[in-house]
Amino acid sequence: MGSTQRVAVTGIGESPIGSTPDMDSINLYATACLEAVDDAGLEKDDIDGLVTGYSLVDPKLMHSTVVADYLGLNLSYNESLRLGGATPFVGVCHAANAIRQGQCENVVIAFGDNRRTGFSKGDGVSNLATEVGHPEFENPFGPMVPSLYALIARKHMAEYGTTAEELATVSVACREHASMRGKGQQTDPIEVEDVLSSGLISSPLHKLECALISDCAGAVVVSSADAAADTRAPVELTGYGEGHGSEYIHRRNDLLYSPAVESGSTAFEMADRTPDDVDVAQLYDCFSITPLMLLEDLGFCEKGEGGSFVRERGITVDGDLPVNTHGGELSYAGAGVFHILEAARQIRGEAAETQVETDVALAHGVGGVLSTNATLLMEAW
Amino acid sequence: MSDKPVPTPSEDTARFWEACNEDRFVVQRCTDCGTERFYPAAACPNCWHTDFEEVELDGTGTVESFTVVHRAPTEAFEADTPYVVALVTMGAETDVTVMANVLADPGDVSVGDSVTMTWEERDGQQLYQFELAE
Ligand SMILES: [Zn+2]
Numbered sequence: 000m001g002s003t004q005r006v007a008v009t010g011i012g013e014s015p016i017g018s019t020p021d022m023d024s025i026n027l028y029a030t031a032c033l034e035a036v037d038d039a040g041l042e043k044d045d046i047d048g049l050v051t052g053y054s055l056v057d058p059k060l061m062h063s064t065v066v067a068d069y070l071g072l073n074l075s076y077n078e079s080l081r082l083g084g085a086t087p088f089v090g091v092c093h094a095a096n097a098i099r100q101g102q103c104e105n106v107v108i109a110f111g112d113n114r115r116t117g118f119s120k121g122d123g124v125s126n127l128a129t130e131v132g133h134p135e136f137e138n139p140f141g142p143m144v145p146s147l148y149a150l151i152a153r154k155h156m157a158e159y160g161t162t163a164e165e166l167a168t169v170s171v172a173c174r175e176h177a178s179m180r181g182k183g184q185q186t187d188p189i190e191v192e193d194v195l196s197s198g199l200i201s202s203p204l205h206k207l208e209c210a211l212i213s214d215c216a217g218a219v220v221v222s223s224a225d226a227a228a229d230t231r232a233p234v235e236l237t238g239y240g241e242g243h244g245s246e247y248i249h250r251r252n253d254l255l256y257s258p259a260v261e262s263g264s265t266a267f268e269m270a271d272r273t274p275d276d277v278d279v280a281q282l283y284d285c286f287s288i289t290p291l292m293l294l295e296d297l298g299f300c301e302k303g304e305g306g307s308f309v310r311e312r313g314i315t316v317d318g319d320l321p322v323n324t325h326g327g328e329l330s331y332a333g334a335g336v337f338h339i340l341e342a343a344r345q346i347r348g349e350a351a352e353t354q355v356e357t358d359v360a361l362a363h364g365v366g367g368v369l370s371t372n373a374t375l376l377m378e379a380w
Numbered sequence: 000m001s002d003k004p005v006p007t008p009s010e011d012t013a014r015f016w017e018a019c020n021e022d023r024f025v026v027q028r029c030t031d032c033g034t035e036r037f038y039p040a041a042a043c044p045n046c047w048h049t050d051f052e053e054v055e056l057d058g059t060g061t062v063e064s065f066t067v068v069h070r071a072p073t074e075a076f077e078a079d080t081p082y083v084v085a086l087v088t089m090g091a092e093t094d095v096t097v098m099a100n101v102l103a104d105p106g107d108v109s110v111g112d113s114v115t116m117t118w119e120e121r122d123g124q125q126l127y128q129f130e131l132a133e
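Given below as structure tokens:
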């Protein structure tokens, strides 16, 4: 058994988001790291752990070592992690484990890229399109990344009667939150009709149901209980869990379940909490179908009821379970790392216009096609 | 010459793509646990047994799900939009699910439809595809 000492999310930071043609990928990472450490009230020399993601624009053999070099960090824990959009969420899990093992005290987890302006036009879509599907057994048939999620959405509609309007409601809710906060890549309010008339990308998914492509990076500091005592506004990481499944959609045993089932139940058990205890959920939203599936797989409703959940119970700040109070990838910025920052903000009471009364906040990340999943639970320190 | 991707066979998949060139769709059946595995691999993903026998499927299947692609991933697919990408569960007694195009009017395709395998030649490689069953 590992140690069960308390661990905290102590700092959050982010780079400018949207189009930042004057910043390269490493610069974005570094900017987010500096802000997160400053937010925690820590100094450079307090940081002894680093987990970074990767860059499709500027690939490195040892990404975290390059970022550590750029920032002049002295590390006893160093990890380059590459699990798609789940990367920073799994990074937080690994950092917490390393802290509990006594290997380090303060770990920065950072994730981002300059995918909006870093690729030459056309390259970007092709690059992302071939990043996920199987090169021999999927990509020859011309799916793009939205197609892979569209296959799940179509199955969900056929099996449970989920409607296009219910899926579109996810995008509308995210936009409403970004609009209320007045911050993010897309902040103009939209209606269901706007989503449904935004053009099909890969049916049943429309343009406004697909994540933004952004230049951005976000960073989180995770600290030991001792180290957290000296920080500005620590938030307890009370539970976390991972779940890992097939990368390739044609290998999925059941299109309608994701390994969020396992990551969620592990996190809830660790925190001694249930879905009923959660006041706000930051759910990875690469596509509108993703939060809908996660509501089911994490246990907020029964399988097949995700559509009626968003329609009847509501996922905006005045609904039963506010989801993506920052605007998510559908409106705030196209990287899942900000879901983690937003969960911490909600616990701190720093979520401005979309602050909700929050004792327990959940953040959930997804990599691949609902392939790799990680769930984080946060509560007051 | 097609600009669309043509599979590059590996050591694991060469036999599969050779069979495709005879218009045969073959999967590996584990000689220990009986799992039929697709894509081809060096070991059974169920039990890691490495021996297998080759089984030819009859090419019938059911549309498990599908999407109509309106925005092509690369230029090579642009002329084909809108086109159907489907997941097809093969035969009655396998767990094998295959992704391919259903070569039909997108408006005619539904989840649960019966389909049969057909073949497309792409730069000298036969590629499995599907059409709606009669
Ligand atoms: Zn076997």
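Those sequence lines, one after another, are chains W and P. Mind the numbering: the first sequence is residues 0 to 380 in numbering that gives the first Met the number 0, read in order. Mind the numbering: the second sequence is residues 0 to 133 in numbering that gives the first Met the number 0, read in order. Beta carbons are placed, not taken as given, at the ideal position from N, Cα and C, and that holds for glycine.
{"Item": "Could you check what DSSP says for W/E328 in three-state terms: helix, strand or coil?", "Value": "helix"}
{"Item": "So for W/M292, helix, strand or coil by DSSP?", "Value": "helix"}
{"Item": "Considering only heavy atoms of ligand 1, does any lie closer than 6 Å to the CB of P/T34?", "Value": "yes"}
{"Item": "What does a CB cutoff of less than 8 Å around W/T289 pick up in its chain, not counting 5 residues either side in sequence?", "Value": "Y148, L282, Y283, V365 and L369"}
{"Item": "Helix, strand or coil for W/Y53, going by three-state DSSP, please let me know.", "Value": "coil"}
{"Item": "Using 8 Å as the threshold, is the segment 35-44 of chain W in touch with the segment 3-17 of chain W, meaning 3 or more CB pairs across them?", "Value": "yes"}
{"Item": "Does the beta carbon of P/P6 come closer than 7 Å to any beta carbon on chain W?", "Value": "yes"}
{"Item": "With H, G and I counted as helix, E and B as strand and the rest as coil, what does DSSP make of W/V368?", "Value": "coil"}
{"Item": "Using only the alpha-carbon positions, how far apart do P/D79 and P/T115 sit?", "Value": "21 Å"}
{"Item": "Going by the DSSP bridge assignment, what does P/W118 pair with across the sheet?", "Value": "P/Y127"}
{"Item": "Residues of chain P with a CB under 8 Å from the CB of W/S370: which are they?", "Value": "By Cβ distance, chain P contributes nothing, its closest Cβ being about 15 Å from W/S370, past 8 Å."}
{"Item": "Measure the Cβ-Cβ separation of W/L294 and W/G305 and say whether it is below 7 Å.", "Value": "yes"}
{"Item": "Mapping the DSSP letters down to three states, classify W/N77 as helix, strand or coil.", "Value": "strand"}
{"Item": "Would you check whether ligand 1 has a heavy atom nearer than 6 Å to the C-beta of P/D31?", "Value": "yes"}
{"Item": "Measuring CA to CA, which of W/D214, W/D21, W/T51 and W/G263 is closest to W/V66?", "Value": "W/T51"}
{"Item": "Taking only beta-carbon atoms, is W/M143 less than 7 Å away from chain P?", "Value": "yes"}
{"Item": "Could you check whether the Cβ of W/H249 sits closer than 6 Å to any heavy atom belonging to ligand 1?", "Value": "no"}
{"Item": "Can you find a heavy atom of ligand 1 that lies under 6 Å from the Cβ of P/N45?", "Value": "yes"}
{"Item": "CB-CB under 6 Å to W/T19, same chain, minus the five flanking residues each way: which ones, in chain order?", "Value": "D214"}
{"Item": "Whose CA, out of W/Y159, W/G217 and W/G348, lies closest to the CA of W/D327?", "Value": "It is Gly, not Asp, that sits at residue 327 of chain W in the sequence shown. Residue W/G217 is the option with its Cα nearest to W/G327."}
{"Item": "Suppose contacts are defined by Cβ-Cβ distances below 7 Å. Is W/S399 in contact with P/T66 by that definition?", "Value": "With chain W represented from 0 up to 380, any question about residue 399 of chain W goes unanswered, as that position is not in the structure."}
{"Item": "Could you confirm whether any beta carbon from chain P is found closer than 7 Å to the beta carbon of W/F299?", "Value": "no"}
{"Item": "Name, please, each residue of chain W whose Cβ falls closer than 8 Å to the Cβ of P/N45.", "Value": "Neighbours of P/N45 on chain W: none; closest Cβ ~11 Å, over 8 Å."}
{"Item": "Which chain W residues sit within Cβ distance under 7 Å of P/V110?", "Value": "R153, K154 and A157"}
{"Item": "Pull up the distance between the alpha-carbon of W/T237 and that of P/F51, whole angstroms please.", "Value": "47 Å"}
{"Item": "Below 8 Å on the Cβ atoms is my contact criterion, and I expect P/L56 with P/T93 to pass it. Report the Cβ-Cβ distance as a whole number of Å.", "Value": "7 Å"}
{"Item": "Please list the terminal residues of the continuous beta strand (DSSP E) segment that includes W/S178.", "Value": "Where W/S178 is concerned, there is no enclosing beta strand (DSSP E), although the alpha helix (DSSP H) it sits in stretches over A163 to R180."}
{"Item": "Which residue's Cα is closest to the Cα of W/F308: W/Y256, W/T168 and W/G244?", "Value": "W/T168"}
{"Item": "Give me the chain P residues within the contact set of W/I200, using Cβ-Cβ distance strictly less than 9 Å, ordered along the chain.", "Value": "V68, H69 and R70"}
{"Item": "Whose C-alpha, out of P/Q125, P/F37 and P/F129, is nearest the C-alpha of P/S1?", "Value": "P/Q125"}
{"Item": "Determine the DSSP secondary structure at P/R28, reduced to helix, strand or coil.", "Value": "strand"}
{"Item": "Is it right to say W/D68 is buried, meaning 16 or more other beta carbons lie within 10 angstroms of its own, or is it exposed?", "Value": "exposed"}
{"Item": "Cβ atoms of P/V62 and P/D112: under 7 Å apart, would you say?", "Value": "yes"}
{"Item": "Considering only heavy atoms of ligand 1, does any lie closer than 6 Å to the CB of P/H48?", "Value": "yes"}
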